[in-house]
Structure formats: C-alpha cells, structure tokens
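In case it helps, the working numbering puts the sequence shown at residues 2 to 150. Working notes, structure below.
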Amino acid sequence: MAAPLPYKLTQEDTIDLEEALIRQLVFDAIEAWNRHDARAFVRVYADDADLTSVIGTTMTGRKAISDHYAEIFETIFKKSRLEPDDLKIRFLSSSIAVVDVRWHMTGALEWDGKEIPIRKGLLSWIVMRQSGAWLVKVMHNQELTPLRY
2 MAAPLPYKLT QEDTIDLEEA LIRQLVFDAI EAWNRHDARA FVRVYADDAD
52 LTSVIGTTMT GRKAISDHYA EIFETIFKKS RLEPDDLKIR FLSSSIAVVD
102 VRWHMTGALE WDGKEIPIRK GLLSWIVMRQ SGAWLVKVMH NQELTPLRY
C-alpha cells in the first residue's frame with residue numbers, strides 16, 4: 002500500500018484559514034471591549050491605523066486610539082457590552098480585506114450618566130496582513146440608532 006500523498010492547500014483552504022484569522026481578530030476586539038480594556042482593544046490595530054468614531058472623531062495611530070478608548074472605557078462605556086449581530090468579510094486581495102460587523106450595544110451611557118437603552122451600528126474595517134498577522138488599518142464606525150448627544 003502506497004503512502005498517502007501530502008495534502009496540498011487549495012486557494013479555498015487558504016481563504017477559509019484567512020477568514021478564520023480575521024474572524025478571531027473581530028472577536029478579540031469585542032472581547033477586549035467587553036472587558037473595557039483599551040490596551041487589549043488596540044492590539045488589533047496597525048501602528049498607523051486610522052479610526053473614525055460614530056460621531057466623526059478621527060484619530061491616527063495606535064497610541065491616539067488607545068488614549069481615546071481608555072477615556073471612554075472609564076466614562077460613557079464603562080458598563081457597555083458589545084455584541085456582533087452579523088459579520089461579513091470580503092477579500093480585495095490575499096493581504097487586504099473589508100470587514101463589516103453589524104453590532105448592538107447595551108449599557109452605554111450619555112455624558113450626563115443617563116443609560117442609553119440600546120445602540121445599533123455598523124463597524125467597517127479595512128484589514129491588512131502585515132508581518133504574518135491581520136491588523137486593522139482603517140476603521141469607520143456608524144451609528145444606526147439615533148443618539149442624544
């Protein structure tokens with residue numbers, strides 16, 4: 002009996018693996034959010050990432066993103082819980098993908114401390130494979146429920 006030939010990865014296998022790695026990136030970010038851990042949350046971002054929040058605040062670089070989230074995790078999002086509702090990944094190339102995450106959040110507060118019943122939104126990421134890992138290069142977050150700021 003001849004020895005079996007080694008399995009050769011197909012393009013579909015590679016896409017499945019890369020998609021699984023990107024899905025894990027999303028879940029790592031959500032898990033860090035739910036712990037209100039800014040340091041862990043920004044690990045998914047590239048050093049030169051650009052971020053635009055739901056209210057249009059923009060920041061560039063992991064440090065600026067970390068500083069922003071450290072502040073809001075101690076204030077308006079200190080009791081928040083983020084949950085994904087739908088996740089879609091589209092590969093633009095073997096090293097660039099667009100990720101859309103529809104989400105809902107409970108426990109968010111207005112700046113006056115009043116709890117917001119529920120928030121819904123769409124998180125859009127452009128992720129890039131760098132040095133063997135997927136990282137967020139661009140993030141845009143959209144609010145799909147009215148906010149009272």
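Glycine residues also receive a C-beta, built at the ideal position from the N, C-alpha and C atoms. These figures come from a predicted structure and were not determined experimentally.
With respect to Met-129, Ala-33 sits apart: the two C-beta atoms are not nearer than 8 Å. Taken through DSSP and simplified to helix, strand or coil, Trp-34 comes out as helix.
Fewer than three pairs of CB atoms, one per stretch, sit closer than 8 Å, so the stretch 57-73 makes no contact with the stretch 82-89.
In this structure, the alpha-carbon of Gln-143 lies about 11 Å from that of Arg-120. The C-alpha of Ser-94 lies about 12 Å from the C-alpha of Ile-127. Counting along the chain, the unbroken beta strand (DSSP E) around Glu-84 starts and ends at 82-92.
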